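Peer 1: Sharing a structure with you now.
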Amino acid sequence: MSIQIHLATINVCNSRCHFCVYRKPENTLPKGTMSMDLFKKIIDEAATIPQMSSIVFSALGEPLLDRHIVERVAYARKARPDWTPFELYTNGVFLTPDKFDALRDAGVDSLSISLNAVDPKQHERIMGMVGKYETVVKHAIHATKNHQNRVDVLVKAVYDGVYFKDADTVQFYIQWGNRLRPDINPGYGQVVNECNWAGEIPTIEGREITPDSCCSRALTQFSILWDGTVTLCCYDPLAKYPFGDMKTQTIREIYNSEPYVKFREMHDENRASEHPHCRVCTRV
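Below, the structure is given as structure tokens:
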């Protein structure tokens, strides 16, 4: 089985997306950035585990606010040259041409830019940032023109039927092409359904929850927050259900712990509703 390391090196963000739990009052987690010592400990061990075959820099924070992000990418890529995909998610505000080029050259091979809008007003309404739409568009265009076939660039939007509707989806694909249908309209755009963050935000109308179904994230993701806390998955960013602490434990110790093994068994056996978090989650 292939396992993805889902790594948050920072939990500070410059946006306040309406669909994200970062902006919610319940997000009382201390803000901080992962130390390089902890980061290297995680990477050095993960690099020795063949099943850990990919890595993504993401979570509630904006990775490009981490001033060490390029250094971290380079370190991880050197530690494990075959990690694929080697991903990074960003809202694009700080994805300057120099920063994109540096990340590309350091080893990122997949980059997701969360644009979430087709015009400035919509961007402000959805992302909670004023006057940043054109900046992100400019940065995204640079990425699409300078990936040198070394970075899979995605320009993304989240569909919810309210803030981002069917007509917006059509316009988004006209602007950016359709990543999933290159036979019809090749390009970099991808529109995804909004997740309910395990009940933290309302489920979009018409989307059903299948509480017992196996979730791929439960079986194939090892999610680590900036302070070393290992959580259920990326949909547990407030660490309601921690499995361990990478500051004092190893990946193997946490992954093979009784609570974590039982959690994976629930999903593998389609008993996911036995866990209170998964019972109310829309999954991927």
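Heads up, the sequence shown is in my numbering, so the first residue is -15 and it goes up one at a time.
Quick reminder that beta carbons are idealized off the backbone N, C-alpha and C, glycines included.
Predicted model, so just to flag it, every value in this text is computed and none were measured.
1. Pull up the distance between the alpha-carbon of Y147 and that of H(-10), whole angstroms please.
2. How close, in whole Å, do the beta carbons of F23 and E71 come, if the pair is a contact with beta carbons under 8 Å?
3. Keeping to the same chain, check which residues put their C-beta closer than 7 Å to that of G16; ignore five residues upstream and five downstream.
4. Straight-line CA distance for I53 to N240?
5. Any idea if N133 is buried or exposed, counting beta-carbon neighbours within 10 angstroms, 16 or more meaning buried?
6. In terms of residues, what are the limits of the beta strand (DSSP E) holding F70?
7. Whose C-beta lies closer than 6 Å to the C-beta of D85 among residues of the same chain, with five residues either side of it excluded?
8. Tell me the rounded alpha-carbon separation between E192 and E108.
9. Quick check on T17: does DSSP put it in helix, strand or coil?
10. Could you check the C-alpha separation between S94 and R263 for me, to the nearest Å?
11. Quick one: Cα of P260 to Cα of I188, how far?
12. For G115, count the other beta carbons within 10 Å of its own beta carbon; 16 or more makes it buried, fewer makes it exposed. Which is it?
13. With DSSP run on the structure shown, which of helix, strand or coil describes A141?
Peer 2: In brief:
1. As a first step, residue 147 is located in the sequence shown; it is residue number 163 there, counting from the start. As a first step, residue -10 is located in the sequence shown; it is residue number 6 there, counting from the start. So the two alpha carbons sit approximately 28 Å from each other.
2. Position 39 of the sequence shown, counted from the start, is the residue given in the question as residue 23. Position 87 of the sequence shown, counted from the start, is the residue given in the question as residue 71. Not a contact, Cβ separation roughly 16 Å.
3. Stepping through the sequence shown from its first residue, residue 16 is reached at position 32. Closer than 7 Å at Cβ, skipping near neighbours: N(-5), W210, D211.
4. For the purposes of this step, residue 53 is identified with residue 69 of the sequence shown, where counting begins at 1. For the purposes of this step, residue 240 is identified with residue 256 of the sequence shown, where counting begins at 1. One C-alpha to the other measures close to 29 Å.
5. Within the sequence shown, the letter at position 149 stands for residue 133. Under this definition N133 is an exposed residue.
6. Sequence index remark: in the sequence shown, residue 70 carries index 86 (1-based). For F70, the enclosing beta strand (DSSP E) has its first and last residue at 70 to 74.
7. Looking up residue 85 in the sequence shown gives position 101. Cβ within range, chain order: n/a, list empty.
8. Residue 192 sits at position 208 when you count from the first residue of the sequence shown. Residue 108 sits at position 124 when you count from the first residue of the sequence shown. For E192 and E108, the distance between alpha carbons rounds to 29 Å.
9. Start at 1 with the first residue of the sequence shown, and residue 17 comes out as number 33. Assignment of T17 by DSSP, reduced to helix, strand and coil, places it in the strand class.
10. As a working note, residue 94 is residue 110 in the sequence shown. As a working note, residue 263 is residue 279 in the sequence shown. Rounded to the nearest angstrom, the two C-alpha atoms are 31 Å apart.
11. The residue given as residue 260 occupies position 276 in the sequence shown. The residue given as residue 188 occupies position 204 in the sequence shown. Distance between the alpha carbons of P260 and I188 is about 20 Å.
12. Working through the sequence shown from its first residue, we reach residue 115 at position 131. Exposed, by the Cβ-count rule.
13. Taking the first residue of the sequence shown as 1, we reach residue 141 at position 157. Looking at A141 - three-state DSSP - the assignment turns out to be strand.
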